[in-house]
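Numbering (my numbering), first residue to last: 275 to 383.
Take a look at the structure:
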């Protein structure tokens, strides 16, 4: 898969059980297009990715008053530890990075 043109990447590795809680954290930075239903769909999408498989989905969201794509790519390199890649606007990607740092600090990882 090629990286989406014009979008900024934010990527990280997760324990599978932390995917949905993290998605809920970044939802507060998205004004529309990332409801609880979409978060559940994304979490299930990640959980159902086969080991050594890579898949992506694209959502249209509004962040900072601007419509932007949110491309979520999951690579399941381990049965319980997906790599997640978020491709979106630079501002939203920076907020995702900041949330990940806080999330890791709170979990002590």
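Ideal placement from N, C-alpha and C gives every residue a C-beta, glycine not left out. These figures come from a predicted structure and were not determined experimentally.
Going straight from the alpha carbon of residue i to that of residue j, what length do you get?
i           : j           : result
residue 349 : residue 290 : 12 Å
residue 327 : residue 351 : 8 Å
residue 306 : residue 313 : 12 Å
residue 329 : residue 381 : 27 Å
residue 338 : residue 357 : 26 Å
residue 365 : residue 278 : 16 Å
residue 276 : residue 379 : 31 Å
Taking the alpha helix (DSSP H) that residue i belongs to, which residues open and close that run?
i           : result
residue 376 : 364 to 381
residue 300 : 293 to 301
residue 312 : 310 to 321
Leaving out five residues before and five after residue i in sequence, what residues of the same chain have Cβ atoms less than 6 Å from its Cβ?
i           : result
residue 308 : 301 and 335
residue 383 : none
The beta strand (DSSP E) that contains residue i, what's its start and end?
i           : result
residue 348 : 340 to 350
residue 285 : 282 to 287
residue 332 : 328 to 337
Looking only at its own chain, which residues have a Cβ that is under 7 Å from the Cβ of residue i, when we skip the five neighbours before and after it?
i           : result
residue 303 : 337, 366 and 369
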